[in-house]
Amino acid sequence: MALELVILPCLADNYAYLVRDPSTDTIFVVDVPEAAPILTALSTRGWKLNQILITHHHNDHIAGVEALAQATGAHVIGAEADAHRLPPLDIMVAPGQRLPIGMQKVDVIDAGGHTLGHVAYHFPAAGLLFSGDSLMSWGCGRLFEGTPAQMFDSLARLSALPDDTLVCSGHEYTEANGRFALSLEPENPALLSRMADVRARRAEGQPTVPATLALEKATNPFLRSDDEKLRAAMALPADASPLATFTEARARKDRF
Numbered sequence: 001m002a003l004e005l006v007i008l009p010c011l012a013d014n015y016a017y018l019v020r021d022p023s024t025d026t027i028f029v030v031d032v033p034e035a036a037p038i039l040t041a042l043s044t045r046g047w048k049l050n051q052i053l054i055t056h057h058h059n060d061h062i063a064g065v066e067a068l069a070q071a072t073g074a075h076v077i078g079a080e081a082d083a084h085r086l087p088p089l090d091i092m093v094a095p096g097q098r099l100p101i102g103m104q105k106v107d108v109i110d111a112g113g114h115t116l117g118h119v120a121y122h123f124p125a126a127g128l129l130f131s132g133d134s135l136m137s138w139g140c141g142r143l144f145e146g147t148p149a150q151m152f153d154s155l156a157r158l159s160a161l162p163d164d165t166l167v168c169s170g171h172e173y174t175e176a177n178g179r180f181a182l183s184l185e186p187e188n189p190a191l192l193s194r195m196a197d198v199r200a201r202r203a204e205g206q207p208t209v210p211a212t213l214a215l216e217k218a219t220n221p222f223l224r225s226d227d228e229k230l231r232a233a234m235a236l237p238a239d240a241s242p243l244a245t246f247t248e249a250r251a252r253k254d255r256f
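Read in order, the letters of the sequence shown correspond to residues 1 to 256 in UniProt numbering.
Rendered as structure tokens:
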């Protein structure tokens with residue numbers, strides 16, 4: 001049975017994801033930029049929160065965790081490697097672990113690069129990936145702590161998931177990320193088509209997340225490091241490695 005997904009805007013441009021497993025009435029949320037919107041959504045639906053999943057330690061993803069846990073009694077789940085800088089954890093997880101939530105089996109994936117200790121949560125039966133600030137809608141997170149090689153490896157792990165996976169990332173950055181992608185390839189028809197869709201959604205006040213992994217693989221420059229057209233657009237040597245291509249694209253995004 002499919003999971004019920006509620007996308008909750010928080011702060012200026014963050015998202016929290018509130019999810020219900022209808023087979024067991026298990027309710028969880030991924031990242032808590034602030035508690036109030038989540039408490040309101042729970043109250044409106046008459047839901048009782050069971051778990052809080054954390055992707056990484058940045059304050060705009062965890063600032064509301066302790067207040068939400070105190071208000072609901074939900075168990076807090078996060079990376080053992082990051083426990084020293086996360087809110088108090090009830091369950092510590094590590095990459096490679098499979099975690100039961102309701103009737104779902106959740107794969108914890110190493111998503112380091114934006115930060116060290118960043119994890120993503122993949123729900124294979126439901127086709128959902130909660131990627132935080134690693135793989136983002138039409139982009140990837142800035143490398144605050146990790147290296148280009150670490151993020152490159154993380155994105156390779158995530159891009160190996162099924163193409164119909166819905167990527168639930170942490171921010172409404174899609175249009176800005178798309179402007180960067182188009183700065184590299186302004187005539188790319190796939191990019192132009194996606195930008196038209198993104199702008200139409202934003203004009204209607206709709207979120208641009210989640211996006212399918214297939215769409216990301218076709219349009220996200222950080223998942224196209226082996227694409228000769230992208231290498232040529234950046235005037236890189238034809239034999240530039242995928243890692244070198246990714247590194248150059250990330251450096252350009254930092255300056256964009």
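For every residue, glycine included, the Cβ atom is placed at its ideal position computed from N, Cα and C.
Contacting residues, own chain, Cβ-Cβ under 8 Å from residue i (five flanking each side not counted)
i: Pro-9; result: Tyr-15, Pro-37, Glu-172, Pro-207
i: Leu-223; result: Leu-135, Leu-155, Ser-159, Glu-216, Lys-217
i: Ala-83; result: Leu-89, Met-92
i: Ala-81; result: Ala-94, Leu-116, Gly-117
i: Asp-164; result: Gly-127, Thr-212, Leu-213, Ala-214
Beta-carbon contacts of residue i that lie in its chain and below 6 Å, excluding the five residues immediately before and after
i: Ala-174; result: With the sequence shown as reference, residue 174 is identified as Thr, and Ala is not the correct amino acid for it. Excluding sequence neighbours, Thr-174 sits near Ser-137, Trp-138, Val-198, Thr-208.
i: Ala-111; result: His-118, Val-119, Ala-120, Ser-134, Ser-154
i: Gly-102; result: Asp-21, Thr-24, Thr-26
i: Lys-105; result: Arg-98
i: Arg-201; result: Thr-208
Through-space distance from residue j to residue i, alpha-carbon basis
i: Leu-129; j: Ala-214; result: 13 Å
i: Ala-232; j: Phe-144; result: 28 Å
i: Gln-150; j: Pro-189; result: 30 Å
i: Gly-141; j: Asn-177; result: 10 Å
i: Arg-252; j: Phe-246; result: 10 Å
i: Leu-89; j: Gly-113; result: 22 Å
i: Gly-146; j: Ser-43; result: 39 Å
i: Ser-241; j: Ser-225; result: 8 Å
Test item: CB-CB of residue i and residue j under 9 Å
i: Ile-131; j: Thr-55; result: Note that residue 131 corresponds to Ser in the displayed sequence, not to Ile. Yes. Within cutoff.
i: Leu-49; j: Gly-64; result: no
i: Thr-32; j: Ile-7; result: Per the sequence shown, the amino acid found at residue 32 is Val instead of Thr. No, Cβ-Cβ distance for Val-32 and Ile-7 is not below 9 Å.
i: Leu-39; j: Phe-28; result: no
i: Leu-68; j: Gly-78; result: no
i: Leu-161; j: Pro-100; result: no
i: Phe-180; j: Phe-256; result: yes
i: Leu-191; j: Thr-212; result: no
i: Cys-168; j: Leu-5; result: yes
i: Val-108; j: Gly-96; result: yes
i: Glu-228; j: Ala-238; result: yes
i: Arg-250; j: Pro-186; result: no
Own chain, CB closer than 7 Å to residue i, minus 5 neighbours either side, in chain order
i: Pro-210; result: Leu-166, Val-167, Cys-168
i: Glu-34; result: Cys-10, Leu-11, Ala-63, Gly-64
Whole-number beta carbon distance between residue j and residue i, since they are thought to touch under 8 Å
i: His-75; j: Thr-115; result: So it is not a contact: roughly 22 Å between Cβ atoms.
What ranges does the beta strand (DSSP E) occupy inside the UniProt domain "Metallo-beta-lactamase" (13–171), keeping only unbroken runs of at least 3 residues that lie completely in it? 14–21, 26–30, 51–53, 75–79, 91–93, 98–101, 104–110, 119–123, 128–132, 166–169
Complete runs of the alpha helix (DSSP H) confined to the segment 178–245 [at least 4 residues]: 189–203, 213–219, 228–233
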